[in-house]
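See structure below.
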Amino acid sequence: MDKNFLVQEILRLKQEKNAVILAHYYQNEDIQDIADFIGDSLELSKKAQTTTADIIVFAGVHFMAETAKILNPNKKVILPDWEAGCSLADGCGPEDFKAFKNQYPDHVVVTYINCSAEIKAMSDFVCTSSNAKKIIASIPSDQKIIFAPDQNLGNYLQKETKRELVLWKGSCVVHEAFSLDKLLEIYLKNPTAKIAAHPESESHILKIAHYIGSTSGIINFIKTDPTTVFIVATEAGILHELSKAVPEKTLIPAPSTEDNTCACSECAFMKVNTLQKLYWCLKNESPEIQIKEDLRIDALKPIEKMLALS
Ligand code: SF4
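Each residue of the sequence shown is one higher than the one before, counting from 1 in the UniProt record's numbering.
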């Protein structure tokens, strides 16, 4: 279908159905351009909580749309492609996590928002990479903690908070794929550049980063730091928003170990969403997120604690 037709139809349907399009920074450029709001996990959760729309079209991955539904039981939450998963969420199944948690009965559970409703329901706190340090700092220092499902973020938090965390051994396929050798090669050619990295990256990447932060943290850092060249170690989708915000700066995506065509790291899960799928999902109001009410209430409690603390 013609792109202009799709854009016009999406805008028409959005108005007709009182829908809002929330898009993650890692979405395709076409989707970012048509979204009402672009953000990272925390910003999108907050937006989902305050929207007056009847339908939330969540252009992101499944756990994000599910979080929006947990916060908005009376709204219809749809996503362009049901197959938009996440290696962190998919690698932490409820039965396995329950058995893991049972090994540490005196620990509280802090989970990164990249997990399913079932895992959130087994958690005491949910966090994002923006507020994880704050959430852990709010827990009494003698209280033992399980952190799941991202071991790279967990390792980073252990160093930052000086707390010992029992880690679930999950990882993000995108952030663990950055090549240190290729990154250093780029850095040697651009010695004035600053390296900005997401804490889902492996520790050898974080060690050489000038700035470590969430997706929105990286965006703010690049917008405000006087440096003009940046190597960006997170999903390459954020370069679209950044190149509009700071066109005068040079943004180099950190390279992946894979020999991919874009020489950067893209999340295949995020990129299954397309403008065409967004159009069909808004037209048919499907696929729709459905969550049983008792599960939703249990998953809501740790999210509400996070939102109150952030
Ligand atoms: S970039 Fe990583 S953490 Fe984010 S959705 Fe993709 S697989 Fe999950």
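Glycine included, C-beta positions come from ideal geometry on N, C-alpha and C.
Fair warning: this is a prediction, and the values are worked out from it, not measured in the lab.
query                                                                                                      : result
I need the straight-line Cα distance from A117 to I70, nearest angstrom please.                            : 8 Å
Rounded to whole angstroms, what is the Cα-Cα separation between V57 and N273?                             : 12 Å
When the distance is taken between beta carbons, is I31 closer than 9 Å to A59?                            : yes
Could you check whether the Cβ of S87 sits closer than 8 Å to any heavy atom belonging to the ligand SF4?  : yes
Work out the CA separation of K76 and V126 for me, nearest whole Å.                                        : 23 Å
For L79 versus T51, is the C-beta spacing smaller than 9 Å?                                                : no
Please determine, among M64, A53, S216, the residue with the shortest C-alpha to C-alpha distance to P199. : S216
Output the boundary residues of the alpha helix (DSSP H) element that contains V7.                         : 3–16
Taking the alpha-carbon positions, what's the L300 to K189 distance?                                       : 48 Å
So M64 and S41 are in contact, right, with Cβ under 8 Å, and what is the actual spacing, rounded?          : 6 Å
Would you check whether the ligand SF4 has a heavy atom nearer than 8 Å to the C-beta of L175?             : Note that residue 175 corresponds to His in the displayed sequence, not to Leu. Checking every heavy atom of the ligand SF4 against the Cβ of H175, one is found closer than 8 Å.
Just to check, is the beta-carbon of M270 closer than 8 Å to a non-hydrogen atom of the ligand SF4?        : yes
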